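Q: Can you read through this structure? Questions will come right after.
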């Protein structure tokens, strides 16, 4: 209970800006309404998994967030790098097709670029990510990058700045709702969102990561 109360305090302590969550847990309309009442203005459910499948739970969460009246609703795609998975472009296509087939929508599709089965070849990794971005942009879908300094360094190299025109969702669990500790990478002078607290049992009983937009 102390942890839950503390997290309510963390979420609610707004000086300025927007508080949001990302999560994979099934979340009902009623729970989304509870999140909204607790001060959450944006949510980012997972819509595609690292094993190459549509996250049906995440798609339902998107729909439920809309019904609950959450102001801003995005989705994130965790790329599959296994040999049985399709190309980066194909994965984006499948995710966006799933959103459309369920007659719902997202603001931005965030590409989760963190270490998990990525090859050592920076050039091929860059091409894979670029193919994802091009597919989203070809469909007039807003697209952004989720990563941090060390993930970017390992996966594509710090000298790669080819996607700096996209918004950045910066992952750094420093416990602070600001950009003060941001370390530039990828050509981004500053991020757009800060994922500042890792997975905990958060507001309304949902296991979440805490995010902030100034």
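Residue numbers (mature numbering (1 follows the signal peptide of the UniProt record, and there is no 0)): -16 to -1, 1 to 198.
Glycine residues also receive a C-beta, built at the ideal position from the N, C-alpha and C atoms.
Bear in mind that the values here come from a model prediction, so they are computed numbers and not experimental data.
1. Below 8 angstroms on the Cβ atoms is my contact criterion, and I expect residue 139 with residue 197 to pass it. Report the Cβ-Cβ distance as a whole number of Å.
2. Residue 18 to residue 39, Cα distance in whole Å?
3. Answer yes if the region 91 to 105 comes into contact with the region 41 to 54, meaning at least three C-beta pairs across the two stretches below 8 angstroms, and no otherwise.
4. Quick one: grab the DSSP three-state call for residue 146.
5. Compare the C-alpha of residue 104 against each of 23, 150, 136 and name the closest.
6. Looking at the unbroken beta strand (DSSP E) that takes in residue 41, where does it start and where does it end?
7. Considering Cα atoms alone, identify which of 44, 66, 163 is closest to residue 82.
8. Assign residue 134 to one of three DSSP states: helix, strand, or coil.
9. State yes or no: is the C-beta of residue 72 within less than 7 angstroms of the C-beta of residue 115?
10. Nearest-angstrom Cα distance between residue 75 and residue 99?
A: To lay it out plainly:
1. Within the chain shown, numbered from 1, the residue matching residue 139 stands at position 155. Within the chain shown, numbered from 1, the residue matching residue 197 stands at position 213. So it is not a contact: roughly 24 angstroms between Cβ atoms.
2. Taking the chain shown and counting its residues from 1, one reaches residue 18 at position 34. Taking the chain shown and counting its residues from 1, one reaches residue 39 at position 55. When rounded, the distance between both Cα atoms is 23 angstroms.
3. no
4. Mapped onto the chain shown, residue 146 falls at position 162. Here residue 146 sits in coil by DSSP.
5. Position 120 of the chain shown, counted from the start, is the residue given in the question as residue 104. Checked all of 23, 150, 136; the closest Cα to residue 104 is 136.
6. Taking the chain shown and counting its residues from 1, one reaches residue 41 at position 57. No beta strand (DSSP E) holds residue 41; the alpha helix (DSSP H) holding it covers 40 to 52.
7. For the purposes of this step, residue 82 is identified with residue 98 of the chain shown, where counting begins at 1. The residue with the shortest Cα to Cα distance from residue 82 is 44.
8. As a first step, residue 134 must be located in the chain shown, where it is residue number 150. Helix at residue 134.
9. In the chain shown, residue 72 corresponds to position 88, counting from 1. In the chain shown, residue 115 corresponds to position 131, counting from 1. Yes, the pair counts as a contact, with Cβ atoms nearer than the cut-off.
10. As a position in the chain shown, residue 75 is number 91, starting the count at 1. As a position in the chain shown, residue 99 is number 115, starting the count at 1. Using only the alpha carbons, I get a separation of about 18 angstroms.
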